[in-house]
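Participant: In the numbering used here, the protein residues as written are 59 to 512. Just passing along the structure, written as structure tokens.
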């Protein structure tokens, strides 16, 4: 499985290579030029350099890492992710690729249209103008593995029906992780205004602010790199080298993100159609330390005869300090249809989301709403994707902040206990993989919510 994924990544990269009209570069020249462009932060030039055929076909972990960072800073999320996954395919403990991939899958990628369920708070037609609904829920995301600890989650929200055709929703949520290596706290504050347009249209505008502080401590890593190079100007001369690296790093990431969004939904008979746009930006500050030791061995051969052997080692501690402010735009469409069966108690929906880099790429998420009885309803949602960096979440609850969702199933059962009180039970099943070539892990989330209309 790992080998086939590696081949797919390599094939995708080869297909993006450009032909080379100039003289092909040696490995050392490719390494030197890419490092200079990386150090000078000339991201566009580094990307153009990486598209050369001789460079693109060079299978070198640090070259791919530099190209991944360059594409990341240019907000080419798909290309960036492919390079980082290629790095991790060669060394699954590579910390820099790991951190960047988590960012691609989390803070840089927000949902689009799924406000229709999470922000309505069980509203119904009998609510009078001026009424206020208060909603609170809490639960735990628990894991079958020891990779992550159980995560407590709480959320509070309100819905104010200012007047007929105008509703304002607010939301505040908190989720945390207190693992042995990774600890984080995440807060979110959101506000959305929904205004009726005509008889069947709804215009939605709003914003969300998210703050996350994450600490990664005591992570050990080991890596070994071997190279063999023939010197063209000296026939028969070959240089073999081995570099072993071991170390430990700590890292703290402080993320502040703000998203503004707007959308319009129109109902035509049983069919509802909507379009949404999101623009979001963030401030990411990363600090920490990286202590490591390096051992190297170099051997020079004339054909198969050893001419010279050299060894060396050194230790170092780097101070991590980085600040970035990327932004991103996405669009999405939402379709729902009230089926003419079972007394109109079933609504099917399909949401589609573009990627920030290529509008022709998208993710589709089907869902089903069933009014099971007079006082109860059931909501089901199925979500499956591989390495698309677009993160989708349900409401304000980040159920998965990692690289890939093989499968996620959401079930929400609501019951109206009285005219002004509704009870919500949410169960979410996830299969989660950290990386495309990594193991799949299984998670369950159980959440209980209560909605009061005042």
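For glycine and all other residues, C-beta sits at the position ideal for the given N, C-alpha and C.
Residues in its own chain within less than 8 Å of residue 479 by CB, not counting five upstream and five downstream?
Facilitator: Sequence index remark: in the chain shown, residue 479 carries index 421 (1-based). Only 508, 509, 510, 511 meet the Cβ criterion.
Participant: Report yes if the CB atom of residue 193 is closer than 7 Å to the CB atom of residue 215, and no otherwise.
Facilitator: Taking the chain shown and counting its residues from 1, the one referred to as residue 193 is at position 135. Taking the chain shown and counting its residues from 1, the one referred to as residue 215 is at position 157. Going by C-beta atoms, residue 193 is nearer than 7 Å to residue 215.
Participant: Could you check whether the stretch 350-369 touches the stretch 311-320, counting it as contact only if at least three pairs of C-beta atoms, one from each stretch, sit closer than 8 Å?
Facilitator: Cβ pair count under 8 Å is below three, so no.
Participant: So what does DSSP say about residue 107, is it helix, strand or coil?
Facilitator: The count along the chain shown starts at 1 and reaches residue 107 at position 49. In this structure, residue 107 counts as helix in the three-state DSSP scheme.
Participant: Hey, out of 475, 477, 432, 503, whose CA is closest to residue 487's CA?
Facilitator: Taking the chain shown and counting its residues from 1, one reaches residue 487 at position 429. When only C-alpha atoms are compared, the closest one is 503.
Participant: My assumption, with CB atoms under 8 Å, is that residue 48 sits in contact with residue 107. Please give the rounded CB distance.
Facilitator: Summary: the structure shown does not reach residue 48, with the chain confined to residues 59 through 512, and so no result is reported for it.
Participant: Touching or not, the stretch 122-134 and the stretch 142-152, by the rule of three or more beta carbon pairs under 8 Å?
Facilitator: In short, these stretches touch, since the Cβ pair count reaches three.
Participant: Give the DSSP-derived three-state secondary structure of residue 121 in the structure shown.
Facilitator: On the chain shown, position 63 is the one that residue 121 refers to. Of the three classes helix, strand and coil, the one that applies to residue 121 here is helix, per DSSP.
Participant: Report the option in 251, 263, 311 whose CA atom is closest to the CA atom of residue 273.
Facilitator: Reading the chain shown from its first residue, position 215 is the one you call residue 273. Cα-wise, what sits closest to residue 273 is 311.
Participant: Can you check which of these residues, 251, 281, 388, is closest to residue 336 by C-alpha distance?
Facilitator: As a position in the chain shown, residue 336 is number 278, starting the count at 1. Ranking the options by Cα distance to residue 336, first place goes to 388.
Participant: In the DSSP output, what is residue 313 paired with across the bridge?
Facilitator: Within the chain shown, the letter at position 255 stands for residue 313. According to DSSP, residue 313 bridges with 270, 342.
Participant: In the structure shown, what three-state DSSP assignment does residue 406 receive?
Facilitator: Taking the first residue of the chain shown as position 1, residue 406 is located at position 348. Note: residue 406 maps to strand in three-state DSSP.
Participant: Going by the beta-carbon positions, is the gap between residue 505 and residue 287 smaller than 7 Å?
Facilitator: Within the chain shown, numbered from 1, the residue matching residue 505 stands at position 447. Within the chain shown, numbered from 1, the residue matching residue 287 stands at position 229. Contact: no.
Participant: Mind checking whether residue 385 and residue 339 have CB atoms under 7 Å apart?
Facilitator: Against the chain shown, residue 385 aligns to sequence position 327. Against the chain shown, residue 339 aligns to sequence position 281. Cβ atoms of residue 385 and residue 339: closer than 7 Å.
Participant: What does residue 156 pair with, by DSSP beta-bridge criteria?
Facilitator: Position 98 of the chain shown, counting from 1, holds the residue named residue 156. DSSP output for residue 156 lists no bridge partner at all.
Participant: Assuming residue 13 contacts residue 209 (C-beta within less than 8 Å), just tell me the rounded distance between them.
Facilitator: Not covered by the structure: residue 13. The range shown for the chain is 59 to 512.
Participant: Between 437, 465, 421, which lies nearest to residue 501 when the distance is taken from Cα to Cα?
Facilitator: Against the chain shown, residue 501 aligns to sequence position 443. Among 437, 465, 421, the Cα nearest to that of residue 501 belongs to 465.
Participant: Once DSSP output is grouped into helix, strand and coil, what is the label at residue 362?
Facilitator: Taking the first residue of the chain shown as 1, we reach residue 362 at position 304. Here residue 362 sits in coil by DSSP.
Participant: Indicate whether residue 263 and residue 251 have their beta-carbon atoms separated by less than 7 Å.
Facilitator: Numbered from 1 along the chain shown, position 205 holds the residue referred to as residue 263. Numbered from 1 along the chain shown, position 193 holds the residue referred to as residue 251. Against a cut-off of 7 Å, the Cβ pair of residue 251 and residue 263 comes out as a contact.
Participant: Return the bridge partner residues of residue 218 from the DSSP annotation.
Facilitator: Your numbering for residue 218 matches position 160 in the chain shown. Paired residues: 190, 226.
Participant: Measure from the alpha carbon of residue 212 to the alpha carbon of each residue in 235, 399, 434, 404, then state which is nearest.
Facilitator: One-based indexing of the chain shown puts residue 212 at position 154. It is 235.
Participant: Would residue 334 and residue 259 be called neighbours here (beta carbons separated by less than 7 Å)?
Facilitator: Residue mapping note: residue 334 aligns to position 276 of the chain shown, counting from 1. Residue mapping note: residue 259 aligns to position 201 of the chain shown, counting from 1. For residue 334 and residue 259, no; Cβs fall outside 7 Å.
Participant: Can you name, in chain order, every residue of its own chain whose Cβ lies under 6 Å from the Cβ of residue 297, other than the five neighbours on each side?
Facilitator: Locating residue 297 in the chain shown gives position 239, where the first residue counts as 1. Within the same chain, residue 297 has close Cβ partners 287, 358.
Participant: Going by C-alpha distance, which of 421, 407, 404, 131 is nearest residue 103?
Facilitator: Residue numbering aside, residue 103 sits at position 45 when the chain shown is read from its first letter. The candidate whose alpha carbon is nearest that of residue 103 is 131.
Participant: For residue 248, which residues in the same chain have their Cβ closer than 6 Å to its Cβ, ignoring the five residues on either side in sequence?
Facilitator: Here the question's residue 248 lines up with position 190 in the chain shown. Same-chain partners within the cutoff: 229, 266.
Participant: Determine whether the Cβ of residue 93 lies closer than 7 Å to any Cβ atom of chain C.
Facilitator: Looking at the structure shown, chain C is missing, and only one protein chain is on hand.
Participant: Let me know the secondary structure DSSP gives residue 148 once reduced to three states.
Facilitator: Indexing the chain shown from 1 puts residue 148 at position 90. Looking at residue 148 - three-state DSSP - the assignment turns out to be helix.
Participant: Can you tell me which of the three DSSP states residue 383 falls into?
Facilitator: Along the chain shown, read from residue 1 onward, the residue named residue 383 stands at position 325. Looking at residue 383 - three-state DSSP - the assignment turns out to be coil, as it is neither helix nor strand.
Participant: Which of helix, strand or coil does DSSP assign to residue 292?
Facilitator: Reading the chain shown from its first residue, position 234 is the one you call residue 292. The answer is coil: DSSP assigns residue 292 none of H, G, I, E or B.
Participant: At which residues does the alpha helix (DSSP H) containing residue 82 begin and terminate?
Facilitator: For this step, residue 82 is matched to residue 24 along the chain shown. Segment: none, residue 82 is in no alpha helix (DSSP H) and carries neither H nor E.
Participant: Work out the CA separation of residue 341 and residue 185 for me, nearest whole Å.
Facilitator: Locating residue 185 in the chain shown gives position 127, counting from the first residue. Locating residue 341 in the chain shown gives position 283, counting from the first residue. Confidence is the limiting factor: at residue 185 the pLDDT is only 44, short of 50, which leaves the residue's position unreliable and the question unanswerable from this model.
Participant: What span of residues does the beta strand (DSSP E) with residue 439 cover, start to end?
Facilitator: Mapped onto the chain shown, residue 439 falls at position 381. Taken as a continuous stretch (DSSP letters only), the beta strand (DSSP E) holding residue 439 covers 434-441.
Participant: Suppose the cutoff is 6 Å on Cβ atoms and the five residues either side in sequence are ignored; what does the same chain contact list for residue 393 look like?
Facilitator: The count along the chain shown starts at 1 and reaches residue 393 at position 335. Excluding positions up to five away in sequence, the list reads 331, 408.
Participant: Whole angstroms are fine: how far does the CA of residue 225 sit from the CA of residue 429?
Facilitator: Reading the chain shown from its first residue, position 371 is the one you call residue 429. Reading the chain shown from its first residue, position 167 is the one you call residue 225. Cα-Cα distance, rounded: 23 Å.
Participant: Distance, Cα to Cα, residue 143 vs residue 398?
Facilitator: Residue 143 sits at position 85 when you count from the first residue of the chain shown. Residue 398 sits at position 340 when you count from the first residue of the chain shown. Near 46 Å, if we compare the C-alpha coordinates of residue 398 and residue 143.
Participant: Contact check, residue 294 vs residue 360 under 8 Å by CB: the rounded distance?
Facilitator: In the chain shown, counting from the first residue as 1, residue 294 sits at position 236. In the chain shown, counting from the first residue as 1, residue 360 sits at position 302. Contact flag correct, Cβ pair sits at about 5 Å.
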